[in-house]
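Protein chains in written order, with the working numbering: chain P, 6 to 356; chain X, 6 to 356.
Just so it is clear, CB atoms sit at the ideal spot from N, CA and C, and this is done for glycine as well.
Presented below is the structure to which this report refers.
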DNA sequence: GCACGCGATGCAATCGATTGCATTGCGGCC
DNA sequence: GGCCGCAATGCAATCGATTGCATCGCGTGC
C-alpha cells in the first residue's frame with residue numbers, strides 16, 4: 006500500500022536509459038527521436054511499472070496544467086448542469102480537467118476563489134458567474150489568462166462569449182402572446198447587472214413597443230435575483246400595484262415558476278386567467294403544472310462551444326472576430342402556461 | 006499584459022532577504038520563526054507585488070495538491086447538483102478545490118478519467134459513480150488514495166461512505182401505502198449493480214413481506230438505468246404483464262416520473278387509479294403534475310458530510326469505526342401522487 | 001582509411017517552493 | 001570579559017519532468 010509512485014527515473018533504470026530518453030519516448034511529439042525498438046521497451050516498462058507522469062512536475066516545467074477553471078454562480082440552479090456537462094465532455098476529450106467553483110460575483114468569497122484558481126495556474130477560465138463591471142475578472146484577463154464567458158457576456162468585447170439569442174427569444178414570446186390576443190403584458194425582468202437580464206429586458210421593451218403592446222412602466226418589475234422566491238415576490242408586486250394585464254413574461258424559468266406559485270396562492274388560474282412564460286427551458290419544466298411555455302436554449306451545446314473556443318485559443322489559434330461572440334439560436338416551446346386572455350376578468354379585481 | 010508571475014524570489018529581492026525567509030514569513034505555521042518586523046515587511050511586499058504561490062512547485066515539493074477529485078455519473082441528473090454544492094462549500098472553506106468529472110463506471114472513459122485524476126495527484130476522491138465490484142476504484146484505494154463514497158457504498162467496508170437510510174425510506178413508503186389501503190404494490194427496482202438499487206429492492210421485499218403485501222415476483226421489474234425513459238419502459242412492462250396492483254413504488258424519482266408519464270399515455274389517472282412513489286425528493290418534484298410523494302434525502306448535507314470526512318482523513322485523523330459509515334435519516338414527503346386505491350378498477354382492464 | 005555528418009542518446013540546467021541544517025549575532029550569566 | 005545558547009536567517013538539496021546542447025558512434029563518401 007501507498008508505496009512511492011513510479012517516476013521517470015524508475016522507468017529509465019528499468020530499461021537502462023536516461024530519463025530524458027524515457028521522457029521523449031513517451032511523448033508522441035518527440036517519440037521519433039528515439040529508435041523504435043528502444044521506444045517500445047520503454048513503453049512496455051512504463052506500463053509494467055504503471056507509470057503515471059507527475060502533473061506537478063510537468064506544470065512546474067511547462068507552465069501548463071491542463072486544468073480549466075469553471076466558475077458558475079450555483080450548480081444547484083438547474084440551468085447550469087447541462088452546460089457544465091457540455092464543457093466537461095469537450096475538456097475530457099482533449100485531456101483537460103475542469104475545476105468547478107460556485108461563486109456569486111457579489112459574494113465575499115468571489116475574490117478568494119478566483120485567487121485560488123489563479124494560484125493553481127489554471128490554463129483558462131470559463132465563466133458563467135459574471136456581472137457587468139466585475140473588476141476581478143478584468144484583472145485576470147488583463148494578466149493574460151484566456152477566458153470565455155458562457156450565457157452571459159462581459160462588457161469588454163475582448164472576452165469571447167457564447168450566449169443565446171435573447172432578443173429573438175423575447176420576440177418569439179411576445180409574438181406568441183400577441184397571437185393569442187394579449188395586449189397588456191407584464192414583465193418580471195432579471196437583475197440589470199447581469200447581461201442576460203439586461204438583454205431580455207431591453208428586448209422586451211423594444212418589441213413590446215413595436216408590436217403595439219401597452220408599455221406603461223408599471224408593467225415592469227425588476228427581480229433582485231433569479232429564483233422562485235423572487236418570482237413570487239415580483240408577481241405579488243405586479244398584482245398589488247394593480248395595472249391590468251393578462252400575461253407575465255418572466256426573465257427566466259425560475260422566476261416564471263415562482264410567479265405561477267403566487268398565482269395559485271391567490272387563486273388566479275394559470276393559464277385561464279393569467280398566462281406566464283419563462284426562458285431557458287430548464288430540464289423538467291415540461292412536467293410542471295402547468296407545463297411551462299418558454300424559450301428553449303441549447304444549454305449543452307452552449308457548454309460544448311464555450312469549451313471548444315477555449316481549447317482553440319489554448320492550442321495556439323487566435324479566434325477570428327467572427328467566432329469571438331457566438332449567439333446561439335433559440336426556439337419557442339409552447340406548452341400549457343399560456344392561453345387566450347380571459348376577457349377583462351382581471352379588471353374586476355379590487356385591491 | 007501577461008508578464009511573468011511574481012515568485013518568492015522576487016519578493017525576497019524586494020525585501021532583501023532570502024527566499025526561505027519569505028516562505029516562512031508567509032506560512033502561518035512557520036511565521037513565528039521570523040522577526041515580526043521583517044515578517045510584516047515581507048507581507049507588505051508580497052501584497053504589493055501581488056504574489057501568488059505557484060501551486061505546481063508547492064505540490065512537487067510537498068506532494069499535496071489541495072485538490073479533490075469528485076466523480077459522479079452525470080451532473081445533469083438532478084440528484085447530484087445539491088451534493089456537489091455541499092462538497093464544494095466544505096472544500097472551499099478549507100482551501101481545497103474540486104475537480105469534477107462525469108463518468109459512468111461501465112463507460113470506456115472511466116479508467117482514463119480516473120488515471121487523469123491520479124496523474125494530477127488529487128489528494129483524495131469523492132465518488133458517487135460507483136458500482137459494486139468496480140476494480141478500478143479498488144486499485145486506487147489500495148494505492149493509498151483517501152476516498153469517500155457518497156450516496157452509494159463500495160463492497161469494501163474500508164471505504165468510508167455517507168448514504169441514506171434506504172431501508173427506512175422504503176418502509177415509510179410502504180407504511181404510507183398500507184395506511185391508504187393498498188395491498189398489491191408493484192416495485193420498479195433500480196439496477197442491482199448499484200448499492201442503492203440493491204438496498205431499496207431488498208428493503209422493499211423484506212418490508213412488503215412483513216407488512217403482509219402481496220409479494221408475487223411478477224410485481225417487480227428491474228430498471229437497467231435510472232432515468233425517465235427507463236421508468237416508462239418498466240411501468241409498461243408491469244402493466245402489460247397484467248398482475249393487478251394499485252401502486253408503484255419506484256426506486257427513485259426519475260423512474261417514478263417516467264412511470265407517471267406512461268400512465269398518462271395509457272389514460273390511467275394518477276393517483277386516482279394508480280399511486281406512484283419516488284425516492285430522493287429531487288428539486289422541483291413538488292411542482293410536478295401530480296406533485297410527487299417521495300422520500301426526502303438530505304442531499305446537500307450528504308455532500309457536506311462526505312467532504313468533511315475526507316478533510317478529516319487528510320488532516321491526519323483516522324476515522325473512528327463509528328463515523329466511517331454514516332447513514333443519514335430520511336423523511337417521507339406525502340404529496341399528491343398517492344391516494345386511496347380505486348376499488349378494483351384495474352381488475353376490469355383486459356389485455 | 002579518415003573525416004564528416006547525422007541519428008540517437010546522455011547531460012545538466014531549470015521551473016518555484018519547502019525544509020533540515022549551518023551560520024550569524026546578540027544577550028545573559030558567572 | 002568571555003563563553004554558551006538561542007533566536008533569526010541563510011544555504012542548498014530536493015521534488016519530477018522537460019529540453020537545449022553536448023557527445024558518441026556508426027555509416028558513408030572520397
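Between residue 316 of chain X and residue 328 of chain X, the alpha-carbon positions lie close to 13 Å from each other.
In terms of CA proximity to residue 43 of chain X, X:28 leads the group X:126, X:28, X:88.
Secondary structure remark: continuous beta strand (DSSP E) runs of at least 3 residues inside the stretch 169 to 219 of chain X, in chain order: 190 to 194. Between residue 227 of chain X and residue 196 of chain X, the gap from beta carbon to beta carbon is short of 9 Å. In terms of CA proximity to residue 263 of chain X, X:238 leads the group X:272, X:238, X:276. For residue 115 of chain X, the enclosing alpha helix (DSSP H) stretches over residues 114 to 124. Straight through space, the alpha carbons of residue 282 of chain X and residue 301 of chain X are spaced by roughly 12 Å. Taking C-alpha positions only, residue 215 of chain X is separated from residue 298 of chain P by approximately 46 Å.
Below the 7 Å Cβ cutoff, chain X contributes no neighbours of residue 260 of chain P, its closest Cβ being approximately 14 Å away. In the DSSP assignment, the residues bridged to residue 102 of chain P are P:72.
Classified as buried, residue 74 of chain P has 16 or more neighbouring CB atoms from the shown chains inside 10 Å of its CB. Spatial neighbours of residue 188 of chain P in its own chain (CB-CB distance under 7 Å, excluding positions within 5 residues in sequence) are listed in chain order as 218, 219.
One finds 65, 124, 126 in chain X with Cβ atoms closer than 8 Å to the Cβ of residue 59 of chain P, taken in chain order. In the DSSP assignment, residue 301 of chain X is bridged to X:285, X:336.
Contact annotation: residue 260 of chain X and residue 232 of chain X have beta-carbon atoms nearer than 9 Å. Looking at the DSSP output, residue 129 of chain P shares a beta bridge with P:73. Per DSSP, the beta bridge partners of residue 330 of chain P are P:166. Counting only residues of its own chain and dropping the five nearest sequence neighbours on each side, residue 45 of chain P has no CB closer than 7 Å to any other CB.
Rounded to whole angstroms, residue 223 of chain X and residue 184 of chain P show a C-alpha spacing of 51 Å.
Assigned with DSSP and collapsed to three states, residue 227 of chain P falls in strand. Across the set X:100, X:126, X:139, X:102, the C-alpha of X:139 shows the shortest separation from the C-alpha of residue 116 of chain X. By the beta-carbon neighbour count (other beta carbons within 10 angstroms, threshold 16), residue 235 of chain X is buried. When beta bridges are read from the DSSP output, residue 154 of chain X appears opposite X:132, X:166. Under a criterion of Cβ atoms nearer than 7 Å, the residues of chain X adjacent to residue 289 of chain P are, in order, 289. Close CB contacts of residue 15 of chain P within its chain, under the 8 Å cut and outside five residues either way in sequence, are with 54, 56 (chain order).
Closer than 9 Å to the CB of residue 295 of chain P there is at least one CB belonging to chain X. Within the model, the alpha-carbon separation for residue 255 of chain P versus residue 289 of chain P is close to 17 Å. One finds 72, 102, 103, 104, 105 in chain X with Cβ atoms closer than 8 Å to the Cβ of residue 104 of chain P, taken in chain order.
Cβ neighbours of residue 229 of chain P within its own chain (closer than 8 Å, five residues either side excluded): 196, 235. Here the alpha carbons of residue 48 of chain X and residue 32 of chain X stand approximately 10 Å from one another. Scanning its chain for C-beta atoms nearer than 7 Å, with the 5 sequence neighbours on each side dropped, one finds around residue 118 of chain X the residues 106, 108, in chain order. About 33 Å separates the CB atoms of residue 326 of chain P and residue 81 of chain X; that is not less than 8 Å, and the two are not in contact. Taking C-alpha positions only, residue 63 of chain P is separated from residue 69 of chain P by approximately 7 Å. Under the three-state reduction of DSSP, residue 280 of chain X is assigned to strand. Judged by DSSP in its simplified three-state form, residue 293 of chain X adopts strand. Fully contained in the stretch 13 to 79 of chain X are the following beta strand (DSSP E) runs of length 3 or more, in chain order: 72 to 77.
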